[in-house]
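Residue 121 in UniProt numbering sits at position 121 of the sequence shown, with consecutive numbering throughout.
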Amino acid sequence: MQAEQFAKIGDFEVHYSSFPSTFLTPDIAKQYQIQRSRYNGVVNITVIDTAADGKPAVAAFVSGKAKNLIGHEKKLAFREIREGNAIYYIAEIKHANEERFTFTIDISRQGTKGALDFQQTFYVD
């Protein structure tokens with residue numbers, strides 16, 4: 001798992017991470033309807049308004065895709081999850097052992113649009 005990463009898009013910080021679904025406890029996975037599997041990864045996106053007091057998480061339109069090394073693309077279906085003041089956008093992705101993806105995530109909020117790219121290799125434990 002990688003350390004916290006983010007990209008600036010206008011006045012927003014878009015924090016992103018990806019990790020194996022098996023990193024989630026069974027209770028958390030069930031609560032958020034995420035399939036725990038050695039072959040299932042999770043992409044997590046949070047949008048922070050850096051111009052607002054307290055830098056709150058904010059709602060945004062989040063979409064994206066993942067492309068593996070042979071060019072096969074998978075569309076990511078993000079779901080919004082709210083926990084108190086936190087807002088997360090979660091998508092799941094099926095993968096093979098040592099499969100590397102380039103993720104392209106599109107963000108839109110209040111007329112500000114942008115994209116971020118990152119790579120992740122998933123392993124099967």
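Positions of the beta carbon are idealized from the N, C-alpha and C atoms, including for glycine. Remember, it's a predicted structure, so these values are computed and weren't measured experimentally.
Three or more C-beta pairs closer than 8 Å, one from the segment 70-87 and one from the segment 107-117: is that the case here? no
Is it right to say Gln5 is buried, meaning 16 or more other beta carbons lie within 10 angstroms of its own, or is it exposed? exposed
So which of Lys8, Phe78 and Glu98 has the shortest CA-CA distance to Tyr32? Phe78
Could you tell me the distance, in whole angstroms, from the CA atom of Phe103 to the CA atom of Ser18? Distance between the alpha carbons of Phe103 and Ser18 is about 10 Å.
Is the beta carbon of Thr121 closer than 9 Å to that of Glu99? yes
Quick check: the Cα distance between Pro20 and Ile87, rounded to an integer number of angstroms? 20 Å
For Tyr89, does the count of other Cβ atoms within 10 angstroms reach 16, so buried, or fall short, so exposed? buried
Can you tell which of Gln119, Glu13, Phe101 and Asp11 has its C-alpha closest to the C-alpha of Ile70? Phe101
Alpha carbon to alpha carbon, what distance is there between Val43 and Asn68? 15 Å
Taking DSSP's pairing of strands, which residues face Ala115 in a bridge? Note: Ala115 is bridge-paired with Asp106 in the DSSP secondary-structure output.
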